[in-house]
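Following: one structure in structure tokens, then a few remarks.
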Amino acid sequence: MNWGHKITITFILFAILIITMVTIAMKQDVHLVAPDYYEEELAYQDQIDKMNNYNALMSKPIFSKQDGKIILSFPDTIEIISGEVLFFRPAHSGMDQKFTLKLDDSARQYFTQADFQKGLWKTKLSWKDQTHDYFVENTIIL
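Structure below.
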């Protein structure tokens, strides 16, 4: 076999590889981060203000894992009128879960870890007090 045949075979194998990759990529299911992505982008300045309010807090809420539970703990100094927690799964938007804040007497809320698939999750926590709105996003690996 001479060098001309080797170049031709290499080119054909490369073309088959590219066609296979394009076919596989076209069959992949793409999950949008949010169905109303563009509307959310227009209102992002409000989100920035909420994040700045959160950053100005002296003591902040934290997420922790213990005994098969995810624990959201708020400091005693924060008074909450209303709020919600979104557990956001970047790999699959159909697994997202939203909860209303319902803290117990010790300013904690518990989530059962078994309700969530293992992997990377982002928590989007938002709440209001008497004067401000707050927002923070954290990453949790279960």
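Read in this note's numbering, the sequence shown has 122 at position 126, and its numbers run on one by one without any break.
Backbone N, C-alpha and C define an ideal beta-carbon position, used for all residues, glycine too.
When DSSP states are grouped into helix, strand and coil, Glu75 belongs to the coil group. In the three-state scheme derived from DSSP, where H, G and I count as helix and E and B as strand, Phe112 is classed as coil.
Excluding sequence positions up to five before and after Leu121, its CB lies within less than 6 Å of the CB of Val81, Val132, all in the same chain and listed in chain order. Apart from the 5 residues on each side of it in sequence, Lys65 sits with its Cβ closer than 7 Å to the Cβ of Tyr106, Phe107, Thr108, Gln109 in its chain, given in chain order. Secondary structure at Leu97: coil, using DSSP grouped into helix, strand and coil.
A check of alpha carbon separations from Ser89 across Arg104, Asp100, Ile15, Gln113 identifies Gln113 as the nearest. By the beta-carbon neighbour count (other beta carbons within 10 angstroms, threshold 16), Pro57 is buried.
Residue pairing from DSSP places Val81 in a beta bridge opposite Phe95, Leu121. Taken atom to atom, the span from the alpha-carbon of Pro86 to that of Asp32 is near 16 Å.
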